[in-house]
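> Pasting a structure below so you can have a look.
Number of protein chains: 2
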Amino acid sequence: RDHAAEHAARERLDRMTKPPGSLGVLEDVAAQLAGTAGACPPPLPVPAAVAVFAGDHGVHAQGVTPWPQEVTAQMVANFAAGGAVVNAFAAQLGADVVVVDVGVASPSAPAPGFLDRNVRRGTADLAEGPAMTLDEARRAVEVGIGVAAELAADHGCLVTGDMGITNTTASAALVCAFTGAAPAEATGRGTGVDDPTLARKVAVVERALARLDGGRDPLTVLAEVGGLEHAALAGFVLGAAAARVPVVLDGVIAGSAALVAAALCPAAVEHALAGHVSAEPGHALALRHLGLRPLLGLDLRLGEGTGALLASPLVAAAARALADVATFDSAGVTEKS
Amino acid sequence: RDHAAEHAARERLDRMTKPPGSLGVLEDVAAQLAGTAGACPPPLPVPAAVAVFAGDHGVHAQGVTPWPQEVTAQMVANFAAGGAVVNAFAAQLGADVVVVDVGVASPSAPAPGFLDRNVRRGTADLAEGPAMTLDEARRAVEVGIGVAAELAADHGCLVTGDMGITNTTASAALVCAFTGAAPAEATGRGTGVDDPTLARKVAVVERALARLDGGRDPLTVLAEVGGLEHAALAGFVLGAAAARVPVVLDGVIAGSAALVAAALCPAAVEHALAGHVSAEPGHALALRHLGLRPLLGLDLRLGEGTGALLASPLVAAAARALADVATFDSAGVTEKS
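This is how it looks when you write it as structure tokens:
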């Protein structure tokens with residue numbers, strides 16, 4: 158981030174017609190946006206574009222979710238038809254949605270806003286062996302970098318989205334691998350699984366981590382226990398940073414992917430904002446490790462980018478205030494004694 | 158609220174293409190909106206209108222703030238000129254702003270969006286005696302009811318705003334009177350006062366409460382220790398309920414005014430949403446008493462309606478999802494086993 162622009166933003170925030178610091182967390186957001194853009198005021202971070210990266214997971218075979226695997230492809234069709242929650246939120250908030258097949262098990266029909274960037278038709282079972290090869294992981298990261306670059310050309314704010322039945326299992330494994338958290342601590346109920354399923358999920362994460370044997374090469378960890386959408390999201394975070402555009406992270410899938418991005422390139426995550434903290438326990442662990450404070454806490458656990466999308470108007474409002482608000486001098490308002 | 162509409166909303170939320178409950182707090186918001194409108198789906202709560210009720214306070218003489226009293230009128234001019242944070246947020250979020258002089262010490266020039274509904278040129282010093290007469294309190298409440306009715310005619314969501322140097326002192330007194338909290342617990346630093354000023358503020362609240370002698374007639378409490386903007390905001394909450402339009406509450410000023418509204422008419426507050434919880438300690442106490450969960454927690458302490466305005470896109474998004482999202486049946490998505 159550009160320290161001069163960030164400093165200029167802090168100075169301007171203190172001269173604006175409001176008590177110093179009274180915008181709370183949004184003052185940090187405004188300063189960060191200036192630092193990302195290298196300008197004060199920064200360009201308005203609009204419009205927002207949410208990229209929903211979709212992938213399937215071989216670990217589904219372990220019985221870690223009550224949802225059939227084909228729901229991933231069915232939801233991709235639902236996104237393309239505009240029928241999902243992320244579509245409704247985007248329509249209301251003036252954002253665009255693109256859906257990216259980076260790893261869905263079955264192909265989808267072409268549709269407006271659908272990008273076929275499939276690297277592999279679902280990962281292998283991470284409980285039994287590597288989820289994907291290093292080359293596949295790298296190619297999926299590159300998909301994310303590419304989508305970020307394309308969207309940054311005509312959007313001021315990128316928003317992470319994801320779809321993948323069972324992807325909270327891979328997220329929990331990534332969170333444990335990068336933060337050192339215990340599987341029982343980082344693994345949650347995802348869509349709302351029962352106790353026996355949760356116990357299976359924790360055991361699967363333990364087995365996967367044992368295979369890593371403490372190794373921490375980020376791309377290897379990603380290939381061993383991650384998902385194709387996690388890889389793409391890590392790339393999306395890197396691509397947003399390269400384009401100097403803010404990226405708002407959604408829930409635990411994006412949070413765990415951002416851990417990969419941070420391990421590959423620590424500076425990249427400086428341009429990220431945590432849209433919310435989800436009900437999934439690994440998410441708070443990931444955000445703490447990344448040093449990100451979530452903007453919202455609404456007990457969301459849907460994914461798709463919904464929580465990040467809800468935070469995007471707050472990010473835009475912070476930038477707008479920095480650009481528009483009068484100073485004590487210009488408005489003729491007396492300062493405190 | 159209309160229980161049939163609320164029940165229909167809950168049923169629809171469970172059939173939408175998402176795991177049950179996965180929208181967290183926004184599912185409660187969506188159901189509440191249906192209950193307020195008496196329809197499922199409810200009309201979209203747009204556009205939003207924020208009414209900034211401005212008033213001055215005789216208790217300023219007690220040295221409870223470092224800000225000169227004339228800042229209230231100067232900020233009213235700043236709102237009318239579009240230079241304040243609430244204006245920037247409203248411009249970004251597509252909301253309208255009206256500024257209502259209900260009790261400013263000096264008159265303001267006419268301007269677009271400025272309403273002169275002055276009841277009295279500032280309250281008397283609540284540390285020494287009643288802040289206003291019962292009749293003035295009643296008239297200020299009626300100002301708020303009237304503004305709510307006017308705005309509800311062409312807005313789907315009302316948002317509370319306020320401006321008044323020293324108004325956190327009156328708010329603390331109202332919070333103590335209605336919740337039974339101790340002055341040291343409910344009184345905060347407002348715009349950021351130092352320790353000696355905070356001690357004076359607490360002592361002033363204690364003196365005012367002693368005079369109430371445990372009396373709890375809502376209008377009397379309001380007249381004794383409240384402000385004219387608090388009275389108008391209490392009326393605004395009542396007026397929104399009468400118009401069956403949701404009202405989003407801002408910080409401690411609105412929260413303490415909602416305590417008055419709830420004491421006058423408990424059912425009225427069923428149509429209110431807490432936009433955020435501010436850094437001011439009395440606010441959380443008020444919200445707990447009202448049974449309202451704040452949508453945002455961003456450490457804001459500006460007032461003007463800024464925190465409530467930031468929450469308004471979330472309220473609209475919840476309604477949009479309820480109206481637009483496909484069901485498992487309609488989208489051909491398989492449900493969990």
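So the protein sequences, as listed, match chains A and B.
Here the working numbering runs 157 ahead of the position in the first sequence, where the first position is 1.
Here the working numbering runs 157 ahead of the position in the second sequence, where the first position is 1.
No residue lacks a Cβ here, since even glycine has one placed at the ideal position from N, Cα and C.
The model shown is predicted, which means the values in this text are computed figures rather than measured ones.
Whose Cβ in chain B lies nearer than 7 Å to the Cβ of A:Phe210?
Here residue 210 of chain A refers to the residue found at position 53 when the first sequence is read from its first residue. Near A:Phe210 there are no residues of chain B at all, since even the closest Cβ is about 18 Å away, more than 7 Å.
> Quick check on the burial criterion: 16 or more other C-beta atoms within 10 angstroms. Buried or exposed for B:Thr463?
Along the second sequence, read from residue 1 onward, the residue named residue 463 of chain B stands at position 306. By the 10 Å Cβ count, B:Thr463 comes out buried.
> Grouping DSSP H, G and I as helix and E and B as strand, with all else coil, what is A:Cys314?
In the first sequence, residue 314 of chain A corresponds to position 157, counting from 1. If DSSP states are grouped into helix, strand and coil, A:Cys314 belongs with the strands.
> For a quick check, are the C-beta atoms of B:Leu190 and B:Ala475 less than 8 Å apart?
Your numbering for residue 190 of chain B matches position 33 in the second sequence. Your numbering for residue 475 of chain B matches position 318 in the second sequence. Yes, the Cβ-Cβ distance between B:Leu190 and B:Ala475 is below 8 Å.
> Looking at C-alpha atoms only, which residue of A:Val186, A:Gly270 and A:Val378 is the closest neighbour of A:Leu449?
Taking the first residue of the first sequence as 1, we reach residue 449 of chain A at position 292. Among A:Val186, A:Gly270 and A:Val378, the Cα nearest to that of A:Leu449 belongs to A:Val186.
> Taking 7 Å as the limit between beta carbons, can you name the residues of its chain near A:Leu459, skipping five residues before and five after?
Within the first sequence, numbered from 1, the residue matching residue 459 of chain A stands at position 302. Val242, listed in sequence order.
> Have a look at A:Ala411 and A:Gly318 and give me their C-alpha separation to the nearest angstrom.
Here residue 411 of chain A is taken as the residue at index 254 of the first sequence, counted from 1. Here residue 318 of chain A is taken as the residue at index 161 of the first sequence, counted from 1. Rounded to whole angstroms, A:Ala411 to A:Gly318 spans 8 Å at the Cα level.
> Which partner residues of A:Asp171 appear in the DSSP bridge assignment?
Taking the first sequence and counting its residues from 1, one reaches residue 171 of chain A at position 14. A:Asp171 pairs with nothing; no bridge assigned.
> What is the DSSP secondary structure of A:Asp185, reduced to helix, strand or coil?
As a position in the first sequence, residue 185 of chain A is number 28, starting the count at 1. Here A:Asp185 sits in helix by DSSP.
> Could you please tell me which residues of the region 198-230 of chain B, in chain order, have their CB closer than 9 Å to any CB of chain A?
Within the region 198-230 of chain B, the qualifying residues are Leu201, Val203, Thr222, Pro223, Trp224, Pro225, Glu227 and Val228.
> Which residue marks the beginning of the beta strand (DSSP E) containing B:Leu453, and which one marks its end?
On the second sequence, residue 453 of chain B is found 296 positions in, with the first residue counted as 1. That residue, B:Leu453, is in no beta strand (DSSP E); it is neither H nor E in DSSP.
> Taking three-plus beta-carbon pairs below 8 Å as touching, is the region 223-236 of chain A in contact with the region 259-271 of chain A?
Enough Cβ pairs lie closer than 8 Å, so yes.
> With C-beta atoms as the reference, is A:Leu379 less than 8 Å away from A:Ala391?
Stepping through the first sequence from its first residue, residue 379 of chain A is reached at position 222. Stepping through the first sequence from its first residue, residue 391 of chain A is reached at position 234. Yes, the pair counts as a contact, with Cβ atoms nearer than the cut-off.
> Let me confirm a value: A:Thr193 is counted as buried when at least 16 other C-beta atoms fall within 10 Å, else exposed. Which label applies?
By one-based count along the first sequence, residue 193 of chain A stands at place 36. A:Thr193 comes out buried.
> Anyone know if the C-beta pair for B:Val203 and B:Met320 falls short of 8 Å?
Position 46 of the second sequence, counting from 1, holds the residue named residue 203 of chain B. Position 163 of the second sequence, counting from 1, holds the residue named residue 320 of chain B. No, they are not a contact pair.
> Have a look at B:Glu461 and A:Arg277 and give me their C-alpha separation to the nearest angstrom.
Residue mapping note: residue 461 of chain B aligns to position 304 of the second sequence, counting from 1. Residue mapping note: residue 277 of chain A aligns to position 120 of the first sequence, counting from 1. The alpha-carbon atoms of B:Glu461 and A:Arg277 are separated by roughly 52 Å.
> From what residue to what residue does the alpha helix (DSSP H) around B:Ala420 run?
One-based indexing of the second sequence puts residue 420 of chain B at position 263. Val409 to Leu421 is the extent of the alpha helix (DSSP H) around B:Ala420.
> Counting C-beta neighbours from all protein chains within 10 Å, is the total for A:Glu168 16 or more, i.e. buried, or is it exposed?
Mapped onto the first sequence, residue 168 of chain A falls at position 11. Exposed is the call here.
> Are the region 393-400 of chain B and the region 306-316 of chain B touching by the rule of at least three beta carbon pairs closer than 8 Å?
Contact holds: three or more Cβ-Cβ distances are below 8 Å.
> With a threshold of 8 Å between beta carbons, is B:Ala329 in contact with chain A?
Indexing the second sequence from 1 puts residue 329 of chain B at position 172. False, the Cβ-Cβ gap to chain A never drops below 8 Å.
> Do B:Val256 and B:Asn275 come within 8 Å of each other at the CB atom, strictly closer than that value?
Translated into the one-based positions of the second sequence, residue 275 of chain B becomes position 118. Translated into the one-based positions of the second sequence, residue 256 of chain B becomes position 99. It is not a contact, given that the beta carbons lie outside the stated cut-off.
> Less than 8 Å between CB atoms is the rule here; does B:Ala474 satisfy it with respect to chain A?
What you label residue 474 of chain B is simply residue 317 of the second sequence in a count that begins at 1. Yes - at least one Cβ of chain A is within 8 Å of the one on B:Ala474.
> Restricting to Cα atoms, I'd like to know which of A:Thr336, A:Pro451, A:Gly286 and A:Val259 is closest to A:Gly301.
Here residue 301 of chain A is taken as the residue at index 144 of the first sequence, counted from 1. Cα-wise, what sits closest to A:Gly301 is A:Val259.
> Please report how far the alpha carbon of A:Leu457 lies from the alpha carbon of A:Thr290, in whole angstroms.
For the purposes of this step, residue 457 of chain A is taken as residue 300 along the first sequence, with counting starting at 1. For the purposes of this step, residue 290 of chain A is taken as residue 133 along the first sequence, with counting starting at 1. A:Leu457 and A:Thr290: Cα-Cα distance of roughly 32 Å.
> Shortest alpha-carbon distance to A:Gly439 belongs to which of A:Ala389, A:Asp282 and A:Asp407?
Within the first sequence, numbered from 1, the residue matching residue 439 of chain A stands at position 282. Selected option, being the one with the closest Cα: A:Asp407.
> Could you tell me which chain A residues have their CB closer than 7 Å to the CB of B:Met289, listed as they occur along the chain?
The count along the second sequence starts at 1 and reaches residue 289 of chain B at position 132. In chain order: nothing, as chain A lies at least about 26 Å away.
> Short check: CB of A:Leu453 to CB of A:Leu467, under 8 Å?
The residue given as residue 453 of chain A occupies position 296 in the first sequence. The residue given as residue 467 of chain A occupies position 310 in the first sequence. For A:Leu453 and A:Leu467, yes; Cβs fall inside 8 Å.
> Could you check whether the Cβ of B:Gln189 sits closer than 8 Å to any Cβ belonging to chain A?
The residue labelled residue 189 of chain B in the question sits at position 32 within the second sequence. No, no contact with chain A.
> Closer than 7 Å, Cβ to Cβ, to anything on chain B: give me those residues from the region 300-329 of chain A, in chain order.
Taking 7 Å as the Cβ-Cβ cut-off against chain B, none of the residues of the region 300-329 of chain A qualify.
> Exposed or buried, which one is A:Asp481 when buried takes at least 16 other CB atoms within 10 Å?
Residue numbering aside, residue 481 of chain A sits at position 324 when the first sequence is read from its first letter. So A:Asp481 counts as buried.
> Tell me, which residues are paired with A:Val404 by DSSP?
Translated into the one-based positions of the first sequence, residue 404 of chain A becomes position 247. DSSP output for A:Val404 lists A:Leu315 and A:Ala429 as bridge partner(s).
> Anything in chain C within Cβ reach of A:Gly454, meaning under 7 Å, just list it in chain order.
Of the chains in the structure shown, none is chain C; the protein chains are A and B.
> For A:Pro199, does the count of other Cβ atoms within 10 angstroms reach 16, so buried, or fall short, so exposed?
Here residue 199 of chain A corresponds to residue number 42 of the first sequence, with the count starting at 1. That one is buried.
> According to DSSP, what are the bridge partners of A:Phe271?
Position 114 of the first sequence, counting from 1, holds the residue named residue 271 of chain A. In the DSSP output, where bridge partners are listed per residue, A:Phe271 has A:Val256.
> Tell me whether B:Val482 sits in a helix, a strand or coil according to DSSP, three-state version.
Your numbering for residue 482 of chain B matches position 325 in the second sequence. The answer is coil: DSSP assigns B:Val482 none of H, G, I, E or B.
> Using the Cα positions of A:Ala421 and A:Ala389, report the straight-line distance between them to the nearest angstrom.
Along the first sequence, read from residue 1 onward, the residue named residue 421 of chain A stands at position 264. Along the first sequence, read from residue 1 onward, the residue named residue 389 of chain A stands at position 232. It is Leu, not Ala, that sits at residue 421 of chain A in the sequence shown. Each residue's alpha carbon lies about 13 Å from the other.
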